[in-house]
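K.L.:
For the sequence shown, my numbering assigns the number 1276 to the initial residue and increments by one for each residue that follows.
Here a beta-carbon is modelled for each residue, glycine too, at the ideal position from N, C-alpha and C.
The structure follows.
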Amino acid sequence: MDREAVVKDLRDQFGRKSVLYADEIAELLGKSEQALANLKHRHGLPFPVKKVGGRPAVSIYDVADWLVGEPADRRTPEPKQAPGSPPCVPSPARRRASLGKALLALRTQCDFLANVFAGLEAISLADVAKVTDRKPKKAKNGGI
């Protein structure tokens, strides 16, 4: 199948649009929008995503090229860097916060609750011991 036929098919399916939004890409791929967002953030999509009207969108032509199987370097050329300018460095990926502090707080709470439980158990045992000591003792001399 050639690119023009794929573009025509996509336009028949989604209307006379030049861009497809996340819900339409998800429908095309047979995925949910959440799965599409996960793919975008984890592995990246096989086509460039642009902001159109504040929403992420993909060119219908890039999607058609991908469906036809054209290599990515032919679909979207990288922007040329001006000579003498510093190299473009991608922004660092947001790192997940460390769970160390939360685990330490949880361990501290568990230790505290274990100490409270041990203290309550000691109080309870002391009360049981007092009750058994209070029972009247029987006289040995027949009650005199």
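Looking at the unbroken beta strand (DSSP E) that takes in V1324, where does it start and where does it end?
P.N.:
In the sequence shown, residue 1324 corresponds to position 49, counting from 1. That residue, V1324, is in no beta strand (DSSP E); it is neither H nor E in DSSP.
K.L.:
Spatial neighbours of L1304 within its chain, please: CB distance less than 8 Å, with the 5 preceding and 5 following residues excluded, ordered by chain position.
P.N.:
On the sequence shown, position 29 is the one that residue 1304 refers to. So the qualifying residues of the chain are L1311.
K.L.:
Could you compute how far the alpha carbon of D1337 sits from the alpha carbon of A1372?
P.N.:
Within the sequence shown, numbered from 1, the residue matching residue 1337 stands at position 62. Within the sequence shown, numbered from 1, the residue matching residue 1372 stands at position 97. When rounded, the distance between both Cα atoms is 35 Å.
K.L.:
Counting only the same chain and skipping the five closest in sequence on each side, list residues whose C-beta sits under 8 Å from that of K1315.
P.N.:
Here residue 1315 is taken as the residue at index 40 of the sequence shown, counted from 1. Closer than 8 Å at the Cβ level, and outside the excluded window around K1315, lie V1324 and P1331.
K.L.:
Contact check, A1339 vs V1294 under 8 Å by CB: the rounded distance?
P.N.:
Residue mapping note: residue 1339 aligns to position 64 of the sequence shown, counting from 1. Residue mapping note: residue 1294 aligns to position 19 of the sequence shown, counting from 1. Between V1294 and A1339 the Cβ distance is about 12 Å, and since that is not below 8 Å, they are no contact.
K.L.:
Using the C-alpha atoms, what's the distance from V1343 back to L1378?
P.N.:
Here residue 1378 is taken as the residue at index 103 of the sequence shown, counted from 1. Here residue 1343 is taken as the residue at index 68 of the sequence shown, counted from 1. Taking the straight line joining both Cα atoms gives about 50 Å.
K.L.:
Taking Cβ positions, are F1289 and E1279 nearer each other than 8 Å?
P.N.:
Counted from its first residue, the sequence shown places residue 1289 at position 14. Counted from its first residue, the sequence shown places residue 1279 at position 4. No.
K.L.:
Within 10 Å of its beta-carbon, does I1398 have 16 or more other beta-carbons around it, so buried, or fewer, so exposed?
P.N.:
By 1-based counting over the sequence shown, the position of residue 1398 is 123. Per the 10 Å Cβ criterion, exposed.
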